[in-house]
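Chains as they are written, first to last, in the numbering used here: chain A, 506 to 894; chain B, 512 to 852; chain C, 990 to 1232. Cβ coordinates follow ideal geometry from the N, Cα and C atoms, glycine included.
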Amino acid sequence: MAVTEQQRIAYIASQAADARVNVELQTEEMTLNLGPQHPATHGTLRIVARLDGEQVVKADVVCGYMHRGYEKLTEVRTYPQITTLINRIDWLSSFANEVPFILAAEDLMEVEAPPRAQWIRTLFFELSRIANVTLFIGEMGVQLGALTPVFFAFRDREYVLNLIESATGGRFHPNFDRIGGIKDDLPKGWIAETKDAMRRIRGYCDQLEDLLMGNEIFEARTRGVGVIPAEVGLSYGLSGANIRASGVDWDLRRDAPSPLAWKELDWKVWTHPDGDSFARYWVRLQETREATKMVDQLLEGLPSGPIQAKVPRIIKVPAGEAWAHTENPLGEMGYYIVSQGGLGPMRCKIRSASFHNISIVPWLLKGVYVPDIITILASLYFILGDIDR
Amino acid sequence: MLALQLPYWEITLIKTVIVLSIIPAGAVILGYVFLLKMMAHMQSRMGPMEPGGFHGWFQLIGDGIKFIQKEDIIPSEADRRVFALAPLVVLISTFLLYVVVPAGPRLVVENLDVGIFYALAVSSLGVIGVLMAGWASANKYSLLGSLRAAGQLIAYELPLVLAVVGVVIQADTMSLQGIVHAQANGSIFGVSLVGNPFILTQIVGFGIFLAAAQAELTQTPFDMPVAESELVAGYMTEYSGFRFLFFFMAEFGTAFALSAIAATLYLGGWYQPFFKTGVMADVLGPVILGIKVMFIAFLIFWIRFTFPRFREDQLQTFAWKFLIPLSLVNIMATAVFKVVL
Amino acid sequence: MPTIPTEERNRALLEDLTSKLGDAVVGSHQRTGDLWVRVRADAWLRAAEELKSMGFDYLSYLSGIDWMPHTWPNPKVVEGPGVVDTEEGADEADASPPEAAEPDEPDEPAPGGGITTGFAGGDTRFQVLARLYSTTRKLGVTLKADLDGETPHIQTWTDVFPGADWCERETWEMYGFVFDGHPNLSHLYLPGEFEGFPLRKDFPLLAREVKPWPGLVDVEPMPAVAEAAGAADEAATTEPAPA
């Protein structure tokens, strides 16, 4: 696109304004544009920051570069087709996106998936949590300058992705959940491989705890940076590890009624009182380890039986409204389905976690240094597909 | 230099050619071994394997050729002359560093009496080049990067100099050849097998020198100016093609030179206890120096790949409130021991 | 985990809310542990404040809903050549409610009629929808309020729940609801010059206008599988595989 003369003049004027220094050494503010193409913003997020030197005076978040219009698209699709679509909201933990939608639809149809299906759903849910958060743990290092942990993340995540692929056919977008159960049963030898992979992930978590969390520079960069008080976080809609790191003891796996198998496992909810970036990182690391233990328990106690309840071939969900939410790796994800008896929903509101997690960023970034912007964004951990749907 | 009696201008020409060829060679060797291969293996991957056949040794040379033939892009708002000069300024400061580094008893471009003083003075010329690059790029990221660099490089000059002062006190001379001889002729508690490398007595100074060298090279944990995840490439953002090649060569050339200086100051330089004089010393000298350089470069790059980076204010705090007082204490201790012992 | 069943706690919550808001509560519904409450539009902000004081500190989402039927072709079942329809499928296709209209005649939204609303009632085309949750009491409530069909206005929640800022911006740009008192009602997702409100049912989904929905064309099975499985296609049950 050619630059018009007016734009050139405006740019030169703004540069001149930025470069002017007052006699009393009061500097002018500079507008820095982080993104939409930027290594730190996990995708196409744009932050327009007004800087005074290296401190942020005001920050605006511009999202929507990846808006695909999911809520409109769900109105013209049938329920099984929507499952394929919503895989791609939070693409690192795709299976976890399908689950609340399927649960809401099953709620309206008053269909219950058999226990084996519920356990396998929980299994894949936790596996997708591991796949998602291991990447975050490594990649927070990259945002801070430590180049190495992210390679370990990719290396160890491969095992989990291979497991998901061998069972469902897709590494990233399994499209495995169906109304009434799941698509296929587990392949032979899968359980032993998963146990192996969980051992590896635990080793990776230990390695990262030594390498990154024990590092003084990491602590100096993350402690006290981006503190979110619990009430502020909750009123902004923060959920998941972000709010647990501010001390709120709330985990939907434990606190919300759900047909999935979490209540039958023995696990712990991790919280941290500080609410800074270090706390968010710490909580996620512990949660990943906890997820591997949950996967082990799930593998031990997997019940046998059918994996799909009897549902009609062409699914029509009876009229009504249903809300189902789960504790996704990024936070609380929920679907509000309004059905009027058709093949597809009349309205499907997708409540995605990162949208609300990022809404706190303009408030959070006031008075923060430029490098801390990166730390805060990295610790809040969002996926663009989740923000922009 | 050798038994030949060449006229001065011919000797100078030969020396210039040698230095001019050492810089890319050193940069390529350091870059390939540490940046490509060692980093890769530490990160559980292989690094280049294809170019040239055996473990991709040709990778960086191929990169150099690629850079040279690229289009020369200068942003339209940039200050053209300053933009073009900036990489050259940094490169020149690198070249000038090699003038005093001795590679053998008779292998030094110019054995200045103020060798180390000259080296430190000249290495700080690079700051001007960085500032020029950031300002002339007409890009806010570059500006931020170069201002950070200016603050950082100037702040870390001081620990660098003060750490060296300890060595100078111990060696009684500022000329690098003299320092090597001081280490060669010294002895550890009477045992003069390997001479007296100053790393033993100046271990604190060695640490400070390495930290300050890391900062001078804008390597992580001090790579705020080139914070890849924030400023994309800092002051180098707008540079592409052969101008970027100059920056790259300057960075790794300086790494090589500073490692060589560290090896000379602390590890004994080209000295090995077997052939102290003669042609064999001149032949083995560069080899031994090369090995010591690789060791120190290994340390520098190892820390680079492991640590996250400091924030700018933490960086400055580290320099002013920690390294400088520590190096002052080091000088005092060295001076006291020099007089007492 | 609370020992009192959720239905009872929801009932208690509803009573509490009704006592605080009085006649502003115009409808409610409970189903499988969830509570829907419809309030009058002018009590929207008051409802939020009351709920926040009752411990509902978490804003899950705030959005809108357009009850008008679709104006573009709906998904439907097409009788293709290889289709074997089950009894349930055939029945459903015949007895479809009026909202799943035939593709050739888009419904006219008759004012006050022809629109079916959902739980907790409602008689307007537009409704604003929000969900609040209490992390201490582990209870959630879905709030609804009717909005005027022509110029939908409602009070903003940003003073009570700052997270509503983005939610309301998105609802405004998708539906056109104006939130009175919102500091910065501007586009969040859509580019600045976008005209129209995409999630309204009369905003066409261009992909469907260009190429109408082909319908749920039943996919023919692979030839070998079709012969082996035979014509008797059961409802989709798979045999339990050996663990």
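Problem set entry | Neighbour-count burial assignment, residue 816(A), 16 or more Cβ in a 10 Å radius | buried
Exercise. Hey, residue 1178(C) and residue 1053(C): beta-carbon distance below 8 Å or not?
Worked result: no
Problem set entry | Where residue 729(A) sits in the DSSP three-state scheme | coil
Exercise. The beta strand (DSSP E) spanning residue 844(A) covers which residue range?
Worked result: Segment 836–844, the beta strand (DSSP E) holding residue 844(A).
For this session: Return the residues of the segment 1043–1054 of chain C that lie within a Cβ-Cβ distance of less than 7 Å from chain A, sorted by chain order.
Result: 1046, 1047, 1048, 1049, 1050, 1052, 1054
Exercise. If you scan the segment 797–862 of chain A from start to end, which runs of the beta strand (DSSP E) of 3 or more residues do you find wholly inside it?
Worked result: Unbroken beta strand (DSSP E) runs of no fewer than 3 residues, entirely contained in the segment 797–862 of chain A, are found at 825–833, 836–844, 852–856, following chain order.
Exercise. Interface residues of chain A around residue 1022(C) at Cβ under 7 Å?
Worked result: 762
For this session: Spatial neighbours of residue 792(B) within its chain, please: CB distance less than 7 Å, with the 5 preceding and 5 following residues excluded, ordered by chain position.
Result: 615, 616, 786
Problem set entry | Spatially closest choice to residue 822(A) from 554(A), 561(A), 607(A), 550(A), by CA coordinates | Residue 822(A) has its Cα closest to that of 607(A), out of 554(A), 561(A), 607(A), 550(A).
Exercise. Residue 1161(C) CB to nearest chain A CB: under 8 Å?
Worked result: Taking Cβ atoms only, chain A never reaches closer than 8 Å to residue 1161(C), which makes this a no.
For this session: Check whether the segment 569–588 of chain A touches the segment 843–853 of chain A, counting contact only when three or more Cβ pairs, one atom from each stretch, lie closer than 8 Å.
Result: Result yes; three or more Cβ-Cβ pairs closer than 8 Å.
Exercise. Distance, Cα to Cα, residue 778(A) vs residue 804(B)?
Worked result: 48 Å
For this session: Would you kindly check if the distance between the Cβ of residue 521(B) and the Cβ of residue 634(B) is under 8 Å?
Result: No, they are not a contact pair.
Exercise. Tell me which same chain residues have a C-beta within less than 7 Å of the C-beta of residue 1009(C), skipping the five on either side of it?
Worked result: 1039
Exercise. Which residues in the same chain as residue 569(A) place their Cβ atom closer than 7 Å to its Cβ, once the five residues preceding and following it in sequence are excluded?
Worked result: 893
Exercise. When the Cα atoms are used, what is the spatial distance from residue 557(B) to residue 718(B)?
Worked result: Note on geometry: alpha-carbon atoms of residue 557(B) and residue 718(B) lie some 31 Å from one another.
For this session: Please classify residue 691(A): does DSSP put it in a helix, a strand, or coil?
Result: coil
Exercise. By a C-beta neighbour count over all protein chains shown, 10 Å radius and 16 as the cutoff for buried, is residue 793(A) buried or exposed?
Worked result: buried
Problem set entry | Pick from 830(B), 716(B), 852(B) that is closest to residue 841(B), judged by C-alpha positions | 716(B)
Problem set entry | Rounded straight-line distance, which links the Cα of residue 827(A) to that of residue 609(A) | Rounded to whole angstroms, the separation of the alpha carbons of residue 827(A) and residue 609(A) is 6 Å.
Exercise. If you draw a straight line from the alpha carbon of residue 860(A) to that of residue 836(A), how long is it in whole angstroms?
Worked result: The C-alpha of residue 860(A) lies about 10 Å from the C-alpha of residue 836(A).
Exercise. In chain C, what lies closer than 8 Å to residue 568(A) by C-beta?
Worked result: 1177, 1178
Problem set entry | Reduced DSSP category for residue 1133(C) - H, G, I as helix; E, B as strand; rest coil | strand
Problem set entry | Proximal residues to residue 708(B) (C-beta, below 7 Å), its chain only, five neighbours per side dropped | 694, 777, 778, 779
Exercise. Do three or more CB pairs link the segment 878–894 of chain A to the segment 515–534 of chain B at distances below 8 Å?
Worked result: With a cut-off of 8 Å, the segment 515–534 of chain B and the segment 878–894 of chain A do not count as touching, because too few Cβ pairs lie within range.
Problem set entry | Exposure label - residue 782(A); buried when at least 16 CB within 10 Å | buried
For this session: Pull up the CB-CB distance for residue 1138(C) and residue 1108(C), whole angstroms please, since I reckon it's below 8 Å.
Result: Wrong, their Cβ atoms sit about 20 Å apart, outside the cutoff.
Exercise. Just checking my contact of residue 736(B) with residue 656(B) at CB under 8 Å: how many whole Å lie between their CB atoms?
Worked result: 5 Å
For this session: Buried or exposed for residue 700(B), please, with buried defined as at least 16 other CB atoms from any protein chain shown within 10 angstroms of its CB.
Result: exposed
For this session: Entirely within the segment 749–799 of chain B and at least 3 residues each: give me those beta strand (DSSP E) ranges in chain order.
Result: none
Problem set entry | residue 542(A) burial status per 10 Å Cβ neighbour count (16 or more: buried) | exposed
For this session: Use the C-beta contact count for residue 819(B): other C-beta atoms within 10 angstroms, 16 or more gives buried, fewer gives exposed.
Result: buried
For this session: May I have a chain-ordered list of the alpha helix (DSSP H) segments no shorter than 4 residues that lie completely inside the segment 1139–1205 of chain C?
Result: 1153–1164, 1195–1199
For this session: Please list, in chain order, all residues of the same chain as residue 1185(C) whose beta carbon is under 7 Å from its beta carbon, the five residues on each side excluded.
Result: If we look at residue 1185(C) and ignore the five residues flanking it on each side, its Cβ neighbours are 1192.
Exercise. Can you check whether the CB of residue 867(A) is closer than 8 Å to the CB of residue 564(A)?
Worked result: yes
For this session: Determine the burial state of residue 733(A): buried for a count of at least 16 other Cβ atoms within 10 Å of its Cβ, exposed for fewer.
Result: Looking at its Cβ environment, which holds 16 or more other Cβ atoms inside 10 Å, residue 733(A) is buried.
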